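Structure record follows, encoded as structure tokens.
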Amino acid sequence: MLLDSTLRNRGAALAAALMLGTSPVALGAATPDDTLVIAAKIDDIVSIDPAEAFEFNGIDLLNNLYDTLVELDPERPGELVPGLAESWDVSEDGLTFTFTMREGVTFASGNPVRAEDAAFSLQRVIKLNRTPSFILTQFGFTPDNVDDLIVADGNTLRMTIDRPLAPSFVYNCLTALVAAIVDKETVMANEVDGDMGYEWMKANSAGTGAYVLQSYRPSESYLLEAREGHWRGDANLRRVFLRHIPEPSTQRLMLEAGDIDIARDLTPVDVEGMAGNDDVVITDDVGGYIAYIAINGQHETLAHPAVLDAMRWLIDYEGMANSFLKGQQMVHQHFLPRGYLGALEETPYSLDVERAQEILAEAGIETPINATLSVRNSQDRMEMAQSIQNTFAQAGINIELSVGAGAEVLGEYRARQHEITLQAWGPDYPDPHTNASTFAMNPDNSPDAGLTGILAWRNAWDPEDLHEMAEAAVMERDTDARRAMYEEIQRRHRDDSPFIAMFQSIDQTGMRANVQGFHTGGAIDNATYWLATK
Amino acid sequence: MTTPPDPVSIRPRLWPRLRGVAGVLVALAATLLGLLLVTFVIGRVVPIDPVLAVIGERATQAQYEAARLSLGLDRPVWEQFAIYVRDALTGDLGTSIRTRTPVADDIRRFFPATLELATLATIIGVILGIPAGVLAATKPGSLLDQAVRLIGLIGYSLPVFWLGLMGLLLFYGILGWVGGPGRLSSGYEMMFEFDVPRVTGMILIDTALAGQWAIFRNALSHIILPAGVLGYYSMAYISRMTRSFMMNELSQEYITTARVKGMPEWRVVWVHALRNVQVPLITVIVLSYATLLEGSVLTETVFAWPGLGLYITTALFSADMPAVLGGTVVVGMVFVGLNMFSDILYRIVDPRAR
Chain A
112 MLLDSTLRNR
122 GAALAAALML
132 GTSPVALGAA
142 TPDDTLVIAA
152 KIDDIVSIDP
162 AEAFEFNGID
172 LLNNLYDTLV
182 ELDPERPGEL
192 VPGLAESWDV
202 SEDGLTFTFT
212 MREGVTFASG
222 NPVRAEDAAF
232 SLQRVIKLNR
242 TPSFILTQFG
252 FTPDNVDDLI
262 VADGNTLRMT
272 IDRPLAPSFV
282 YNCLTALVAA
292 IVDKETVMAN
302 EVDGDMGYEW
312 MKANSAGTGA
322 YVLQSYRPSE
332 SYLLEAREGH
342 WRGDANLRRV
352 FLRHIPEPST
362 QRLMLEAGDI
372 DIARDLTPVD
382 VEGMAGNDDV
392 VITDDVGGYI
402 AYIAINGQHE
412 TLAHPAVLDA
422 MRWLIDYEGM
432 ANSFLKGQQM
442 VHQHFLPRGY
452 LGALEETPYS
462 LDVERAQEIL
472 AEAGIETPIN
482 ATLSVRNSQD
492 RMEMAQSIQN
502 TFAQAGINIE
512 LSVGAGAEVL
522 GEYRARQHEI
532 TLQAWGPDYP
542 DPHTNASTFA
552 MNPDNSPDAG
562 LTGILAWRNA
572 WDPEDLHEMA
582 EAAVMERDTD
592 ARRAMYEEIQ
602 RRHRDDSPFI
612 AMFQSIDQTG
622 MRANVQGFHT
632 GGAIDNATYW
642 LATK
Chain B
5 MTTPPDPVSI
15 RPRLWPRLRG
25 VAGVLVALAA
35 TLLGLLLVTF
45 VIGRVVPIDP
55 VLAVIGERAT
65 QAQYEAARLS
75 LGLDRPVWEQ
85 FAIYVRDALT
95 GDLGTSIRTR
105 TPVADDIRRF
115 FPATLELATL
125 ATIIGVILGI
135 PAGVLAATKP
145 GSLLDQAVRL
155 IGLIGYSLPV
165 FWLGLMGLLL
175 FYGILGWVGG
185 PGRLSSGYEM
195 MFEFDVPRVT
205 GMILIDTALA
215 GQWAIFRNAL
225 SHIILPAGVL
235 GYYSMAYISR
245 MTRSFMMNEL
255 SQEYITTARV
265 KGMPEWRVVW
275 VHALRNVQVP
285 LITVIVLSYA
295 TLLEGSVLTE
305 TVFAWPGLGL
315 YITTALFSAD
325 MPAVLGGTVV
335 VGMVFVGLNM
345 FSDILYRIVD
355 PRAR
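Chains A and B supply the protein sequences, listed in that same order.
Here the first sequence stands for residues 112 to 645, where the numbers follow the numbering used here.
Here the second sequence stands for residues 5 to 358, where the numbers follow the numbering used here.
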């Protein structure tokens, strides 16, 4: 990476600061005072372009480089606050949304933020048509019509959608980083062969965020530098340096030695090992991942309602959560994670082998039943699978484990070739529809439909009227009524679908005791670096 | 003043040399092509779909097809291979599916880290391993011999992962004698980013060239432990092999003759016998060096060392074939190159091979 002279000068200043500020240990153990140093495993990042990024670590980075029209308040989870739009309004018929842009905001390049940039950003997502674009195409946008449906008019952005959706749903979707506002002039100045800056955005940022991307080395590190005069108020720490540290125990050692400020991938063993260390604080946040098993509807015996029902009573939810999953997962039996509108915390199912046997006998199901459970080769998933194998066998359901790499198991699942699969699903935007649309909706169950992105389709399951109920819920404008609808959908889905939700993830973050104000975002939001102090 | 050589006398000498060079080049090309072919086939046989690594869970079938098309995976396999080889010949190793950056750039970033580590580890292995092996061979069955064999045996049987973590815990976590994981501490990493021009990509060399001694010292404190761990394994191998070569050599008749003639024992061992085991020793050292240059994925994981082994392994798990193939080409070239290098060394140390 070529560096201009200002950067070199900053480097010299940093060097001087280090000489004065660090301890005489001389091995540089202390982190620089103005820099937040984070260790995380970031080799999942495929893209840092808002139009394409979909992995958690990539989204966490983007949250600090870009802003959206509507935002979530990092300190009050789930609460919508104005972002680059100062205010917004929706027409009587619920089809036209108008956003008034905040005045006086500039991009890192110095260019002013205009409604035109906002329109360009959203249109760019639709036209590039990468994975996360579905968050916006739900409103009826296509590459052909988006220029007419999203229009900049002076200081306002007008967006027309195809059906009267719940406004809260629309706003929630717009907080997702796929709707981040990018600097049209800068991006288009770097366009190659009509790619709308796609190549350039692989390694650069063009946003209004609290930080600017200084360097990005895939699977190695990224360095962010705070902007001065940010509209939200300047970031507390001048730099953020994130290092790719793949091994959790290595993260732990570095945290204890003070070589990093934050460790994001600790295991329960590491957390337990650090108990009693006053220099380190552990925070628990609920994460967004739901661990579940799903049964392929094409398998007649396995998909029999009685067999599915028996399986729900054959999982040792508590036993797993209190042993090898302790600190990592909590029992959760519905498809919406805690923190979402309509999420349910009740856990009606527990391990009850006799009951499962009765259910099978009453329905006249002959045992043993043989089945294959596909699972990816990570330790926690394998342990879950082994526990399930053990308890299923007690009622005569003999499981053979089929272990593969993540992409391999996913490939089989998308092709409807699994029998039973153990999976985890993370929400894509902070609205209940994100999971309802995939767990409880399936517009066309035929094999030729190829709706590989939809979980119900992958399991060859037709949700019947649940589909309509979910569609009605996303149109409901009254929040309380909407909540009640999702609660009902989830209860029915829990008792009567080929999905068995088991756990919700917990994120344990290790921080040096002097670090304050770092938010992981939990199940709903993404990591915010700009409020952190140390 | 020399007289110009007679052209007739040149020809017979030049020809075999040229033929030798051509032979090496053909061997190099054949080796690399074979290596690529095998890797390519393996890449097609593994049941991992590279497209899924790029597009993620939520993508629609249309997006899947578009990604597949843009990656060129819709073409017949032999055609993909031909395109790959054609591009590779012009130095274009393709673009990594996962990191979206040119594979050549990735390798330029990751290989120097491995090269630096492997070189230092090999130096440690040679400096400790050869004397240990020689000393053990001179007094077989002695306490010293037992100790060398025990250390070697431990080196063979301990998992590197465990040894690395324990080393970190002791020397970094508890004693604080060495720098932690990674090539530099965070503050120095940023200084390196801003202040040191990249010449070789090896931090010790680049900082020395730039006169940045503070960063150099920090880098040294970071590399010493992983290099020590890998060097230990290298030492275990080299000392065992040295011992067995030397035992064999010391039982030869000329050694007895030298001793009978009253030659000092140190001269018999360190000059006469050691000189004669140079050739097999070179093979052993070069092989051990080449193995380290492939990158040691476990060591690199524990020490968060951004090296080639970690790069290729991560790429394999997401079926990122351009990255795997690029890494394979580099490893293949390292092997072939080191083989040629050891051939040259043989000729220097052994007059019979000239």
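Don't be surprised by glycine CBs; every beta carbon is placed ideally from N, CA and C.
Here the structure is a predicted model, which is why all the values come from computation and not from measurement.
Would you mind telling me which residues of chain A sit closer than 8 Å to residue i, beta carbon to beta carbon, in chain order?
i: residue 170 of chain B; result: Per Cβ cutoff of 8 Å: no residues; residue 170 of chain B is ~11 Å from chain A at best.
i: residue 190 of chain B; result: 139, 142, 143, 146, 148, 352, 354, 370, 371
i: residue 60 of chain B; result: 157, 165, 166, 242
Let me see if you follow: with CB-CB separation under 9 Å, is residue i close to chain A or not?
i: residue 272 of chain B; result: no
i: residue 318 of chain B; result: yes
i: residue 52 of chain B; result: yes
i: residue 77 of chain B; result: no
i: residue 180 of chain B; result: yes
i: residue 284 of chain B; result: no
i: residue 300 of chain B; result: no
i: residue 68 of chain B; result: yes
i: residue 64 of chain B; result: yes
i: residue 211 of chain B; result: no
In angstroms with no decimal places, state the Cα-to-Cα distance between residue i and residue j.
i: residue 568 of chain A; j: residue 545 of chain A; result: 15 Å
i: residue 324 of chain B; j: residue 335 of chain A; result: 28 Å
i: residue 249 of chain B; j: residue 237 of chain B; result: 19 Å
i: residue 439 of chain A; j: residue 350 of chain A; result: 30 Å
i: residue 397 of chain A; j: residue 78 of chain B; result: 41 Å
i: residue 343 of chain B; j: residue 333 of chain B; result: 15 Å
i: residue 309 of chain A; j: residue 60 of chain B; result: 18 Å
i: residue 381 of chain A; j: residue 46 of chain B; result: 37 Å
i: residue 355 of chain A; j: residue 151 of chain B; result: 39 Å
i: residue 27 of chain B; j: residue 35 of chain B; result: 12 Å
i: residue 444 of chain A; j: residue 611 of chain A; result: 7 Å
i: residue 298 of chain A; j: residue 98 of chain B; result: 24 Å
i: residue 219 of chain A; j: residue 337 of chain A; result: 10 Å
i: residue 584 of chain A; j: residue 179 of chain A; result: 25 Å
i: residue 320 of chain A; j: residue 295 of chain A; result: 15 Å
i: residue 194 of chain A; j: residue 224 of chain A; result: 12 Å
i: residue 441 of chain A; j: residue 539 of chain A; result: 20 Å
Please list, in chain order, the chain A residues whose beta carbon lies closer than 7 Å to that of residue i.
i: residue 321 of chain B; result: 516
i: residue 206 of chain B; result: Result: empty, since nearest Cβ-Cβ is about 15 Å, beyond 7 Å.
What are the partner residues of residue i, as DSSP defines its beta bridges?
i: residue 627 of chain A; result: A/644
i: residue 515 of chain A; result: A/487
i: residue 352 of chain A; result: A/148, A/334
i: residue 617 of chain A; result: A/397
i: residue 123 of chain B; result: None, per the DSSP bridge assignment.
i: residue 106 of chain B; result: B/99
How about residue i: is its C-beta nearer than 9 Å to some C-beta of chain B?
i: residue 365 of chain A; result: yes
i: residue 355 of chain A; result: yes
i: residue 373 of chain A; result: no
i: residue 358 of chain A; result: yes
i: residue 430 of chain A; result: no
i: residue 350 of chain A; result: yes
i: residue 209 of chain A; result: no
i: residue 241 of chain A; result: yes
i: residue 564 of chain A; result: yes
i: residue 659 of chain A; result: Residue coverage of chain A in this structure runs from 112 to 645, which leaves residue 659 of chain A outside it and unanswerable.
i: residue 314 of chain A; result: yes
Return yes when the C-beta of residue i is under 8 Å from any heavy atom of the ligand NAD, and no when it is not.
i: residue 202 of chain A; result: Summarising the ligand content, the structure contains no ligands, and the ligand NAD is consequently not present.
Chain B partners of residue i, CB-CB under 8 Å?
i: residue 522 of chain A; result: 51, 52, 53, 56
Closer than 9 Å by beta-carbon distance: list the chain A residues that pair up with residue i, in chain order.
i: residue 308 of chain B; result: 150, 354, 355, 356, 357, 358, 361, 362, 365
Can you name the residues of chain B whose CB is closer than 7 Å to the CB of residue i?
i: residue 295 of chain A; result: Residues of chain B passing the Cβ test: none, with the nearest at roughly 22 Å.
_Give the list of continuous beta strand (DSSP E) stretches no shorter than 3 residues that lie fully inside the stretch 364-436 of chain A._
391-406
*Jot down the residue ranges of each uninterrupted alpha helix (DSSP H) in the stretch 231-319 of chain A, minimum 4 residues, whole runs only, in chain order.*
245-248, 257-260, 278-285, 295-300
*Can you give, in chain order, each stretch of the alpha helix (DSSP H) that sits fully within the stretch 165-201 of chain A and has at least 4 residues?*
Listed in chain order, they are 167-176.
*asked:* Give the list of continuous alpha helix (DSSP H) stretches no shorter than 4 residues that lie fully inside the stretch 145-209 of chain B.
replied: Correct list: 147-161, 164-171, 190-199.
*Enumerated in chain order, which unbroken segments of the alpha helix (DSSP H) with a length of 4 residues or greater are wholly contained in the stretch 35-80 of chain B?*
54-59, 65-74
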